[in-house]
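S.K.:
There are 2 protein chains.
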Amino acid sequence: MVNLNSSSKVLTEDEIHSLLPNIELLPLIEKAFTLYSNSQVQLPPVTELNFENPSGDVHIKCASVKEMPYYVVKIASGFYENPGKGISSSQGLMLLFDSETGCTSAVLLDNGYLTDVRTGLAGAVCAKYLAPKNITQIGIVGAGIQAQMQLKYLKTVTACRKVSVWARSETGLKKFLDEIDHEYWDITSTNHLQELAENSNLIVTTTPSQEYLLRKEWIKPGTHITAVGSDTPHKIELDPALVAHSDLVVVDSIEQCKFRGELYQMYNHQLTPKKEVVELGKVIRDRSLGRKNDTEITIADLTGIATQDLMIAQGVYETYLK
Amino acid sequence: MVNLNSSSKVLTEDEIHSLLPNIELLPLIEKAFTLYSNSQVQLPPVTELNFENPSGDVHIKCASVKEMPYYVVKIASGFYENPGKGISSSQGLMLLFDSETGCTSAVLLDNGYLTDVRTGLAGAVCAKYLAPKNITQIGIVGAGIQAQMQLKYLKTVTACRKVSVWARSETGLKKFLDEIDHEYWDITSTNHLQELAENSNLIVTTTPSQEYLLRKEWIKPGTHITAVGSDTPHKIELDPALVAHSDLVVVDSIEQCKFRGELYQMYNHQLTPKKEVVELGKVIRDRSLGRKNDTEITIADLTGIATQDLMIAQGVYETYLK
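Shown next, in the form of structure tokens:
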């Protein structure tokens, strides 16, 4: 860490990595959702820049919460040819500003890592509140950095160690299997997504797919699916009919999911949900709004909200200041 | 400067100050406007956060230009009670990212200074292309940091040294007069805005006023007015009738000025301009689109566009790299 002037601190990715184990992350991300659904939040629409050749998308998110000391601006990008250059596809940084003066408090040069972490944590929050009591197998769709993150944080909310993983890319899958902790996880890979779907009752989808992967007829009663991959109007991972016919759809932000993600895709296919869509923050505050029994099919559609960025950035910065 | 990792450079405000004199700034800002009006630009709408108690507004702007090496994200805030705390009301920073990978290239911790500079330069560009040939007196409305910046860069485009300044705040005005270079400028202050308006043929308005200051009947033929203060839907400095009845209205961005600034205010008063509104970038490329003679009243409405941020941030960073 270097004090560049009296007011702005710059934290490197290494410093951020070393601070994270000292932070109780899951409650921070739960709070991010309850704060958001409390409406004490300013959370403007996501700003996007899109690139071709090489293809990439950049999302700029920001949020302020009444009476919080900082507001956050977060830039997160996905440049999907990066791995071929030996660079993570996710890049970006988080910024904290003083809510009373606008002064730059902290620059977290995380190179996209904190976005990956808070998205992984959001998956764990969904599993905690929406998965069936007895998770028999976790199905992970995709084998990128987010697939790793999901498993990392699912560890903290479920005892299930049985995992099936599917990915379109053989090399991606190999890398994932090379890096995963085989001592902890009882993991198998499959070429058959249907098989994964039929044998898992907690499924997490983590791909940037532009056509849907999971079909309605593959999903057995009692399954919970968290879809984290689709965060633009073009990406989709779930059969729109699956979303429409599930017993419960939970989203991070009803407003944001009107314009991106699985819920947007479902509406775009002229379908409507079986029951009123509920925000995750409301389920966290009142579990009775969540899963009713072990036969319901529940879906969580996460597009990522900036209060998650605010809470994790603030958590890192306050831990650094201690 | 500190190399925090292989890819991100962080420049402090002091370093930025020391680099600026080595940069040909005016052509950079001219290019910012011509690039923008060339439509090779992605420039999403401004994102805003608003704060009460203390009151402040935060603008997040971003831009990418085809085939440029970087894209920019800029956060600029105005917290109007800051000066009472000994802090500039303008705060913020600029970020450059690699257009091919999304990696963070540079963090310019300018605390809002580069935004002030590029806005000052935009005023000079407007004067260069739109002011009458013979400037007899410069009228400066407001006495904050932007009033100083406007004069600083007007020096580079006009030989006129006669200035009249008006400000609502006596203390602001005193501070401005204390800090201005009296050797260079023949400066007088006035309590009568009408007098300033009637005796100046280049007027620059730099306030965050929420009711208009300059009346139509005060402005004499041949005057050019650059309005830089209003950059939100609530701020206004010019009588909407003055905008509507002027011979030419030039804006930085037609799209953006539909939603903020003087042109927005004019439309909001159900008025229409005498002639088609022209973008500054088009006037720079084709002077015949600008002032026709020395009797026209011309107006430039600047709300600030992110290609200005891109060009100045890139100029600073590339000069640093040399």
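Residue numbers (my numbering), protein chains in the order written: chain A, 27 to 348; chain B, 27 to 348.
Backbone N, C-alpha and C define an ideal beta-carbon position, used for all residues, glycine too.
1. Would you please state the rounded distance, in angstroms, between the beta carbons of Lys-100/B and Gly-146/B? I believe it to be under 8 Å.
2. Applying the criterion that 16 or more other CB atoms from any shown protein chain within 10 Å of the CB defines a buried residue, is Pro-234/B buried or exposed?
3. Could you pull the start and end residues of the beta strand (DSSP E) that Asn-76/A belongs to?
4. Select from Phe-202/B, Leu-336/B, Lys-246/B and Lys-348/B the residue whose C-alpha is nearest the C-alpha of Ile-325/B.
5. In the structure shown, what three-state DSSP assignment does Asp-83/A receive?
6. From the DSSP secondary-structure annotation, give me the bridge partner or partners of Ser-116/A.
7. With DSSP run on the structure shown, which of helix, strand or coil describes Phe-285/B?
8. Below 7 Å CB to CB, which residues in the same chain sit around Gln-340/A once its five sequence neighbours on both sides are set aside?
9. Let me know the secondary structure DSSP gives Trp-244/B once reduced to three states.
10. Between Leu-180/B and Ala-150/B, is the Cβ-Cβ spacing less than 7 Å?
11. Rounding to the nearest angstrom, what Cα-Cα distance links Ile-338/B and His-85/B in this structure?
12. Count the other CB atoms within 10 Å of the CB of Lys-57/A; is the residue buried (16 or more) or exposed (fewer)?
13. If we count the other Cβ atoms within 10 Å of its Cβ and call it buried at 16 or more, is Ser-44/B buried or exposed?
14. What's the gap between the Cα of Pro-53/A and the Cα of Ala-157/B?
15. I need the boundaries of the beta strand (DSSP E) containing Leu-203/A, first residue and last residue.
16. Determine, using beta-carbon pairs with one atom in the segment 228-242 of chain A and one in the segment 166-178 of chain A, whether at least three such pairs fall under 8 Å.
17. With a 10 Å radius around its C-beta and 16 neighbouring C-beta atoms as the bar for buried, classify Tyr-290/B as buried or exposed.
18. Write down the C-beta distance between Asp-83/A and Gly-104/A rounded to the nearest angstrom, noting that I regard them as a contact closer than 8 Å.
19. Give the residues of chain A in contact with Tyr-346/B, contact being defined as C-beta atoms less than 8 Å apart.
20. Comparing C-alpha positions only, which one of Leu-46/B, Ser-33/B, Ser-131/B and Met-120/B sits nearest to Thr-333/B?
21. Taking just the CA atoms, how far does Glu-107/B sit from Gln-176/B?
22. Reducing DSSP to helix, strand and coil, say where Gly-165/A ends up.
23. For the alpha helix (DSSP H) that contains Thr-333/A, what are its first and last residues?
24. Grab the span of the alpha helix (DSSP H) containing Arg-44/B for me, first residue to last.
25. Going by the beta-carbon positions, is the gap between Gln-228/A and Glu-263/A smaller than 7 Å?
26. Please tell me whether, using a cut-off of 6 Å, the distance from the CB of Leu-289/B to the nearest non-hydrogen atom of the ligand ATP is below it.
27. Using a cut-off of 9 Å between C-beta atoms, extract the partners of Tyr-97/A located in chain B.
28. Among all the DSSP beta bridges, which residues are the ones paired with Asp-142/A?
29. Pairs of beta-carbons, one from the segment 279-286 of chain A and one from the segment 181-196 of chain A, closer than 8 Å: are there three or more?
30. Near Leu-46/A, what residues of its chain come up, given a Cβ to Cβ distance below 8 Å and the 5 sequence neighbours on each side ignored?
31. Hey, Asp-265/B and Thr-329/B: beta-carbon distance below 7 Å or not?
32. Can you check which of these residues, Arg-194/B, Ser-116/B and Ile-331/B, is closest to Asp-136/B by C-alpha distance?
33. Between Val-303/B and Val-269/B, is the Cβ-Cβ spacing less than 7 Å?
34. Let's test the definition: count the other Cβ atoms within 10 Å of the Cβ of Ser-114/B and tell me whether it reaches 16, buried, or not, exposed.
35. Whose C-alpha, out of Asp-212/A, Lys-201/A, Gly-307/A and Asn-225/A, is nearest the C-alpha of Gly-112/A?
36. DSSP three-state label for Asn-177/B, please.
M.R.: In terms of the structure at hand:
1. Here residue 100/B is taken as the residue at index 74 of the second sequence, counted from 1. Here residue 146/B is taken as the residue at index 120 of the second sequence, counted from 1. With a Cβ gap of about 16 Å, Lys-100/B and Gly-146/B do not count as contacting.
2. Indexing the second sequence from 1 puts residue 234/B at position 208. So Pro-234/B ends up on the buried side.
3. Stepping through the first sequence from its first residue, residue 76/A is reached at position 50. From DSSP, the beta strand (DSSP E) with Asn-76/A extends over 73-77.
4. Counting from 1 along the second sequence, the entry for residue 325/B is found at position 299. The residue with the shortest Cα to Cα distance from Ile-325/B is Lys-246/B.
5. Here residue 83/A corresponds to residue number 57 of the first sequence, with the count starting at 1. In the structure shown, Asp-83/A sits in a strand (DSSP, three-state: E or B).
6. Residue numbering aside, residue 116/A sits at position 90 when the first sequence is read from its first letter. Paired residues: Gly-104/A.
7. For the purposes of this step, residue 285/B is taken as residue 259 along the second sequence, with counting starting at 1. In the structure shown, Phe-285/B sits in coil (DSSP, three-state: anything other than H, G, I, E or B).
8. The sequence position of residue 340/A within the first sequence is 314, counting from 1. Tyr-96 and Leu-122.
9. For the purposes of this step, residue 244/B is identified with residue 218 of the second sequence, where counting begins at 1. Note: Trp-244/B maps to helix in three-state DSSP.
10. Position 154 of the second sequence holds residue 180/B. Position 124 of the second sequence holds residue 150/B. Result yes, Cβ atoms of Leu-180/B and Ala-150/B sit closer than 7 Å.
11. On the second sequence, residue 338/B is found 312 positions in, with the first residue counted as 1. On the second sequence, residue 85/B is found 59 positions in, with the first residue counted as 1. Each residue's Cα considered, the two are about 17 Å apart.
12. Translated into the one-based positions of the first sequence, residue 57/A becomes position 31. When all chains shown are included, Lys-57/A counts as buried.
13. For the purposes of this step, residue 44/B is identified with residue 18 of the second sequence, where counting begins at 1. When all chains shown are included, Ser-44/B counts as exposed.
14. Looking up residue 53/A in the first sequence gives position 27. Looking up residue 157/B in the second sequence gives position 131. Distance between the alpha carbons of Pro-53/A and Ala-157/B: 59 Å.
15. For the purposes of this step, residue 203/A is taken as the residue at position 177 of the first sequence. No beta strand (DSSP E) contains Leu-203/A, which is instead part of the alpha helix (DSSP H) from 196-205.
16. yes
17. Along the second sequence, read from residue 1 onward, the residue named residue 290/B stands at position 264. By the 10 Å Cβ count, Tyr-290/B comes out buried.
18. Counting from 1 along the first sequence, the entry for residue 83/A is found at position 57. Counting from 1 along the first sequence, the entry for residue 104/A is found at position 78. Confirmed, about 6 Å.
19. The residue given as residue 346/B occupies position 320 in the second sequence. Chain A residues near Tyr-346/B: none, gap ~14 Å exceeds 8 Å.
20. Position 307 of the second sequence, counting from 1, holds the residue named residue 333/B. With distances taken between Cα atoms, Thr-333/B lies closest to Met-120/B.
21. Locating residue 176/B in the second sequence gives position 150, counting from the first residue. Locating residue 107/B in the second sequence gives position 81, counting from the first residue. Going from the Cα of Gln-176/B to the Cα of Glu-107/B covers about 22 Å.
22. Taking the first sequence and counting its residues from 1, the one referred to as residue 165/A is at position 139. Strand at Gly-165/A.
23. Residue mapping note: residue 333/A aligns to position 307 of the first sequence, counting from 1. Start and end: 332-347.
24. For this step, residue 44/B is matched to residue 18 along the second sequence. Here residue 44/B turns out to be Ser, not Arg, going by the sequence shown. Taken as a continuous stretch (DSSP letters only), the alpha helix (DSSP H) holding Ser-44/B covers 39-45.
25. On the first sequence, residue 228/A is found 202 positions in, with the first residue counted as 1. On the first sequence, residue 263/A is found 237 positions in, with the first residue counted as 1. Note on identity: in this sequence residue 228/A is Leu, with Gln being the wrong assignment. No. Outside cutoff.
26. With respect to the ligand ATP, the structure shown offers nothing to examine, as it has no ligands at all.
27. Within the first sequence, residue 97/A is the residue found at index 71, counting from 1. Here the neighbours are Leu-75, Phe-77 and Val-84.
28. If you number the first sequence from 1, residue 142/A lands on position 116. Beta-bridge pairing links Asp-142/A to no other residue.
29. no
30. Numbered from 1 along the first sequence, position 20 holds the residue referred to as residue 46/A. Correct list, in chain order: Val-143 and Val-342.
31. As a first step, residue 265/B is located in the second sequence; it is residue number 239 there, counting from the start. As a first step, residue 329/B is located in the second sequence; it is residue number 303 there, counting from the start. Going by C-beta atoms, Asp-265/B is not nearer than 7 Å to Thr-329/B.
32. The residue given as residue 136/B occupies position 110 in the second sequence. Looking at the Cα atoms, Ser-116/B is the closest of the given residues.
33. For the purposes of this step, residue 303/B is taken as residue 277 along the second sequence, with counting starting at 1. For the purposes of this step, residue 269/B is taken as residue 243 along the second sequence, with counting starting at 1. Cβ distance not < 7 Å, so Val-303/B and Val-269/B don't count as in contact.
34. Working through the second sequence from its first residue, we reach residue 114/B at position 88. The residue is buried, with at least 16 neighbouring Cβ atoms inside 10 Å.
35. In the first sequence, residue 112/A corresponds to position 86, counting from 1. Looking at the Cα atoms, Lys-201/A is the closest of the given residues.
36. In the second sequence, the residue the question calls residue 177/B occupies position 151. Before going on, a small fix: residue 177/B reads as Leu here, not Asn. DSSP places Leu-177/B in helix when its eight states are reduced to three.
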